[in-house]
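Visitor:
2 protein chains.
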Amino acid sequence: MDKTNAAVIGLGSMGFGMAVSLARKGFDVAGTDVNAEAVQRFAAHGRAARSIAEAATGAAILVVVVVNAAQTRTVLFGPEGAANALPKGAVVISSATMSPKDAEALAAEAEARGLLYLDAPISGGAQRAAEGALTVLASGSDAAFAKAQPALDAMAQKLYKLGDKPGIGAAFKMVNQLLAGVHIAAACEAITFAKRLGLDIGKVYEVITAAAGNSWMFENRVPHILEGDYSPKSAVDIFTKDLGIVLDMSRDTKFPTPIAGQAFQMFMMTAAAGMGRDDDASVARLYAQIAGLDLPSSIKSNG
Amino acid sequence: MDKTNAAVIGLGSMGFGMAVSLARKGFDVAGTDVNAEAVQRFAAHGRAARSIAEAATGAAILVVVVVNAAQTRTVLFGPEGAANALPKGAVVISSATMSPKDAEALAAEAEARGLLYLDAPISGGAQRAAEGALTVLASGSDAAFAKAQPALDAMAQKLYKLGDKPGIGAAFKMVNQLLAGVHIAAACEAITFAKRLGLDIGKVYEVITAAAGNSWMFENRVPHILEGDYSPKSAVDIFTKDLGIVLDMSRDTKFPTPIAGQAFQMFMMTAAAGMGRDDDASVARLYAQIAGLDLPSSIKSNG
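What follows is the structure, given as structure tokens:
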């Protein structure tokens with residue numbers, strides 16, 4: 117009975133896989149979520165907790181995988197928060213995407229309460245989360261890394277140790293999100309522009325993915341457009357959120373980000389047109405709507 | 117003495133390599149350029165022609181590798197142009213980047229004069245041109261393809277046959293340039309944003325190239341910034357030109373391209389700040405100038 121107690125708060129597409137990966141590697145995992153159905157589904161893999169406090173009680177490691185900094189704050193320091201339930205010296209692995217400033221503030225508050233804090237945003241998608249094969253962009257104290265290491269080993273294939281202060285991991289993640297968001301919007305603009313020019317967009321995909329115009333996102337997202345499948349692998353609203361954080365950081369640091377700003381507007385238009393919860397390749401549907409183009413459609417389409 | 121006569125007009129970084137590749141594969145190649153030094157240098161590989169007409173006389177295949185449609189028009193149909201010197205039935209391989217509309221017009225005029233015309237923009241850079249390993253995005257009649265095939269085999273590693281009408285190859289190239297231009301501008305924005313956030317930008321390069329924020333251009337251009345080397349592998353002015361064509365096409369076809377438009381403005385600002393002839397990664401120097409950041413510098417730097 118020397119299993120380490122871990123808790124995962126947030127059993128969405130990423131958190132669920134991370135919790136399952138921890139259980140698979142021998143942790144005694146408690147999981148909880150505001151979505152009761154997800155909690156119930158987790159019962160097959162570990163302890164289905166009815167509250168954050170219940171999940172956190174006795175946990176040496178607490179993984180927080182919620183939507184943003186505000187939710188992370190509530191999870192940790194709200195009236196029903198984890199901070200009061202965690203044993204002193206437990207480590208918080210904070211994986212929601214947020215600004216460096218928010219990560220620093222949350223870390224300071226956690227440390228003031230005798231907890232360790234690892235700023236640990238993630239990359240890789242739901243499938244890699246389930247396989248324990250995420251990329252983790254982490255920063256924090258040596259003590260936080262040491263305490264978190266066994267859990268990181270269970271959840272991540274690639275761990276970047278980016279510095280000894282919380283906020284650095286968050287900053288790396290936001291630079292990645294800036295690029296990822298711009299590339300999705302550019303892919304959607306380019307493929308619909310190609311359609312407007314009368315090109316065979318399947319052939320465009322073949323040519324571009326072998327050429328200097330390629331990006332990870334072009335290669336990954338354009339197939340959704342070719343198949344007309346806008347069921348959300350990752351939603352438009354993720355990028356209105358993440359590019360919104362980039363723009364907040366831009367303002368805070370007095371650094372202009374005009375390309376990211378324009379991409380943000382395209383995600384915002386797509387969300388405003390009612391597609392916020394659809395796949396982020398829906399930006400292509402916005403261009404197509406505006407210009408009256410017919411993109412491929414599928415019975416799997418949400419729109 | 118049954119070598120096929122070919123001519124290459126434009127012995128810049130791409131054309132020179134293409135001419136040399138043709139000579140290596142057994143063509144009797146005449147080359148010319150407005151730059152006398154380039155013509156002289158070509159004498160070691162083939163016939164150094166003093167005029168377009170001299171180069172074109174007797175050529176079965178004429179490769180035009182100049183800057184844009186206007187120059188291509190002058191090369192073919194100007195007072196000293198190739199069209200009058202080429203034998204009937206010769207094929208023009210037109211490789212300058214231009215709008216589909218321009219490619220269609222040039223093809224129609226060439227065909228009216230009894231010439232074949234292949235719309236054949238290229239991708240791959242100077243080194244691949246020298247190795248005969250370009251990617252060619254071609255469209256045109258079966259007769260034009262048949263006549264051009266031996267030369268294409270000598271110059272290209274990958275030949276995309278994209279349709280039977282001139283203009284289609286040009287359209288594919290412009291879709292690629294839209295993405296390439298946006299990705300360069302985004303790479304420059306992201307890496308300087310990272311610098312503003314105090315991150316180790318060498319580490320950012322390592323993390324991003326292994327993450328979903330990667331693009332072919334990020335991977336290729338950011339090393340120029342890390343090394344502070346802005347000697348032009350490909351110049352800023354290439355993208356003010358190419359994204360300018362994208363925006364012209366956007367207007368002509370009534371199709372909005374806001375992301376490309378924003379990227380165009382960043383290249384235009386960089387050119388306006390005096391860096392038009394420097395490497396296109398100089399867009400990062402513009403962001404750095406604006407925000408007072410120190411990027412790496414090198415004795416190889418132009419700026």
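So the sequence lines, in the order shown, correspond to chains H and L. Anchor point for the first sequence: position 15 equals 131 in the numbering used here, and the numbering is continuous, going up by one each time. Anchor point for the second sequence: position 96 equals 212 in the numbering used here, and the numbering is continuous, going up by one each time. Virtual Cβ for every residue (Gly too), placed ideally from N, Cα, C.
So, with DSSP's three-state summary, where would you put T356 of chain L?
Guide: As a first step, residue 356 of chain L is located in the second sequence; it is residue number 240 there, counting from the start. It is helical.
Visitor: Pick out the complete beta strand (DSSP E) segments inside the segment 146-188 of chain H, 3 residues or longer, and give them in chain order.
Guide: Complete beta strand (DSSP E) runs here, min 3: 177-180.
Visitor: CA-CA distance, M134 of chain L and G131 of chain H?
Guide: As a working note, residue 134 of chain L is residue 18 in the second sequence. As a working note, residue 131 of chain H is residue 15 in the first sequence. Their backbone Cα atoms lie some 54 Å apart in a straight line.
Visitor: Under a Cβ-count criterion, where at least 16 other Cβ atoms within 10 Å of its own Cβ denotes burial, should N151 of chain H be classed as buried or exposed?
Guide: Walking along the first sequence from the start, residue 151 of chain H turns up at place 35. Its Cβ having fewer than 16 others within 10 Å, N151 of chain H is exposed.
Visitor: For V180 of chain H, which residues in the same chain have their Cβ closer than 6 Å to its Cβ, ignoring the five residues on either side in sequence?
Guide: Locating residue 180 of chain H in the first sequence gives position 64, counting from the first residue. So the list reads I125, T188, V191 and S210, once near-sequence residues are dropped.
Visitor: Helix or strand or just coil, what does DSSP make of Y276 of chain L?
Guide: Translated into positions along the second sequence, residue 276 of chain L becomes position 160. DSSP places Y276 of chain L in strand when its eight states are reduced to three.
Visitor: Mind listing which residues of the segment 322-355 of chain L have their C-beta closer than 9 Å to chain H's C-betas, in chain order?
Guide: Those residues of the segment 322-355 of chain L that come within reach of chain H (Cβ to Cβ, closer than 9 Å) are E322, V323, I324, A326, A327, A328, G329, N330, S331, W332, M333, F334 and N336.
Visitor: For F371 of chain H, which residues in chain L fall below 7 Å Cβ to Cβ?
Guide: Mapped onto the first sequence, residue 371 of chain H falls at position 255. Here the neighbours are F309, R312 and A407.
Visitor: Could you check whether the Cβ of A302 of chain H sits closer than 7 Å to any Cβ belonging to chain L?
Guide: Looking up residue 302 of chain H in the first sequence gives position 186. Answer yes: the Cβ-Cβ gap between A302 of chain H and chain L drops below 7 Å somewhere.
Visitor: Using a Cβ cut-off of 8 Å, pull out every chain L residue sitting near T251 of chain H, in sequence order please.
Guide: If you number the first sequence from 1, residue 251 of chain H lands on position 135. The contacting residues are A326 and A327.
Visitor: Please report how far the alpha carbon of S129 of chain H lies from the alpha carbon of A212 of chain H, in whole angstroms.
Guide: To locate residue 129 of chain H, count along the first sequence from 1; it is residue 13. To locate residue 212 of chain H, count along the first sequence from 1; it is residue 96. Their Cα atoms are separated by approximately 13 Å.
Visitor: Whose C-beta lies closer than 6 Å to the C-beta of M382 of chain L among residues of the same chain, with five residues either side of it excluded?
Guide: Indexing the second sequence from 1 puts residue 382 of chain L at position 266. Correct list, in chain order: A301 and V399.
Visitor: Can you pull the chain H neighbours of H161 of chain L, defined as C-beta to C-beta under 7 Å?
Guide: Walking along the second sequence from the start, residue 161 of chain L turns up at place 45. Simply none; closest approach about 27 Å.
Visitor: Mind listing, in chain order, the continuous beta strand (DSSP E) runs of no fewer than 3 residues lying wholly within the segment 267-332 of chain L?
Guide: Entirely contained in the segment 267-332 of chain L, the beta strand (DSSP E) runs reaching 3 residues are, in chain order, 272-277.
Visitor: Taking the beta carbon of K289 of chain L as the centre, do at least 16 other beta carbons fall within 10 Å, making it buried, or is it exposed?
Guide: The residue given as residue 289 of chain L occupies position 173 in the second sequence. So K289 of chain L counts as buried.
Visitor: I'd like to know whether the C-beta of S215 of chain H is nearer than 7 Å to at least one C-beta of chain L.
Guide: Numbered from 1 along the first sequence, position 99 holds the residue referred to as residue 215 of chain H. No, S215 of chain H does not count as interfacial toward chain L.
Visitor: Buried or exposed: I284 of chain L, going by 16 or more other Cβ atoms within 10 Å of its Cβ?
Guide: Against the second sequence, residue 284 of chain L aligns to sequence position 168. Under this definition I284 of chain L is a buried residue.
Visitor: Expressed to the nearest angstrom, what Euclidean distance is found between the alpha-carbon atoms of Y403 of chain H and S350 of chain H?
Guide: Translated into positions along the first sequence, residue 403 of chain H becomes position 287. Translated into positions along the first sequence, residue 350 of chain H becomes position 234. Spanning the two alpha carbons is a distance of roughly 19 Å.
Visitor: Which residues bound the alpha helix (DSSP H) around L250 of chain H?
Guide: In the first sequence, residue 250 of chain H corresponds to position 134, counting from 1. Segment L250 to G256 is the beta strand (DSSP E) holding L250 of chain H; no alpha helix (DSSP H) there.
Visitor: Name the chain H residues whose beta carbon is nearer than 8 Å to that of P374 of chain L?
Guide: The sequence position of residue 374 of chain L within the second sequence is 258, counting from 1. Within chain H, the residues near P374 of chain L are E305, Q378, Q381 and M382.
Visitor: What do you get for R337 of chain L, buried or exposed, if any count of 16 or more other CB atoms within 10 angstroms of its CB means buried?
Guide: Within the second sequence, the letter at position 221 stands for residue 337 of chain L. Answer is buried; the Cβ neighbour count reaches 16.
Visitor: I want to verify the contact list: residues of chain L whose CB lies under 7 Å from the CB of V181 of chain H, in sequence order.
Guide: For the purposes of this step, residue 181 of chain H is taken as residue 65 along the first sequence, with counting starting at 1. In chain order: nothing, as chain L lies at least about 17 Å away.
Visitor: Counting only beta-carbon atoms, is S255 of chain H nearer than 7 Å to chain L?
Guide: Here residue 255 of chain H refers to the residue found at position 139 of the first sequence. S255 of chain H does not count as touching chain L.
Visitor: Check Y403 of chain L in the structure and name its three-state DSSP category.
Guide: Numbered from its first residue, the second sequence carries residue 403 of chain L at position 287. If DSSP states are grouped into helix, strand and coil, Y403 of chain L belongs with the helices.
Visitor: What residues from the segment 261-281 of chain L come within 9 Å of chain H, judged by C-beta to C-beta, listed N to C?
Guide: The segment 261-281 of chain L vs chain H, Cβ under 9 Å: K274, Y276, L278 and G279.
Visitor: Between which two residues does the beta strand (DSSP E) containing A235 of chain L stretch?
Guide: For this step, residue 235 of chain L is matched to residue 119 along the second sequence. First, the residue type needs correcting, since residue 235 of chain L is Asp and not Ala in the sequence shown. Unbroken beta strand (DSSP E) run through D235 of chain L: L232 to D235.
Visitor: Which chain L residues sit within Cβ distance under 7 Å of S239 of chain H?
Guide: If you number the first sequence from 1, residue 239 of chain H lands on position 123. Those are A327 and A328, listed as they occur along chain L.
Visitor: Closer than 9 Å by beta-carbon distance: list the chain L residues that pair up with L315 of chain H, in chain order.
Guide: Translated into the one-based positions of the first sequence, residue 315 of chain H becomes position 199. Simply L278, G279, I284, A287, F288 and V291.
Visitor: In chain L, which residues lie with their C-beta within 8 Å of the C-beta of L294 of chain H?
Guide: For the purposes of this step, residue 294 of chain H is taken as residue 178 along the first sequence, with counting starting at 1. What L294 of chain H touches in chain L: A302, E305, A306, F309 and G329.
Visitor: Among L:N330, L:P339 and L:L278, which has the Cα closest to the Cα of V323 of chain H?
Guide: By 1-based counting over the first sequence, the position of residue 323 of chain H is 207. If we check each option's Cα against that of V323 of chain H, L:L278 comes out closest.
Visitor: So what's N418 of chain H in DSSP terms, helix, strand or just coil?
Guide: What you label residue 418 of chain H is simply residue 302 of the first sequence in a count that begins at 1. At N418 of chain H, the pLDDT of 46 sits below 50, so the modelled position is not reliable; the number obtained from the coordinates is stated separately. Residue state, collapsed to three classes: coil.
Visitor: Within 10 Å of its beta-carbon, does R393 of chain L have 16 or more other beta-carbons around it, so buried, or fewer, so exposed?
Guide: As a first step, residue 393 of chain L must be located in the second sequence, where it is residue number 277. Exposed: under 16 other Cβ atoms inside 10 Å.
Visitor: With DSSP as the reference, identify every bridge partner of A351 of chain L, one or two as the case may be.
Guide: Counting from one through the second sequence, the residue named residue 351 of chain L turns up at place 235. A351 of chain L pairs with L:D395.
Visitor: Would you mind stating whether R166 of chain H and A199 of chain H have Cβ atoms separated by less than 7 Å?
Guide: In the first sequence, counting from the first residue as 1, residue 166 of chain H sits at position 50. In the first sequence, counting from the first residue as 1, residue 199 of chain H sits at position 83. Result no, Cβ atoms of R166 of chain H and A199 of chain H do not sit closer than 7 Å.
Visitor: Would you call the segment 222-241 of chain H in contact with the segment 298-312 of chain H, where contact means no fewer than 3 C-beta pairs closer than 8 Å?
Guide: The segment 222-241 of chain H is not in contact with the segment 298-312 of chain H.
Visitor: Grab the span of the alpha helix (DSSP H) containing A221 of chain H for me, first residue to last.
Guide: On the first sequence, residue 221 of chain H is found 105 positions in, with the first residue counted as 1. Looking at the DSSP string, the run of the alpha helix (DSSP H) that includes A221 of chain H is P216 to A228.
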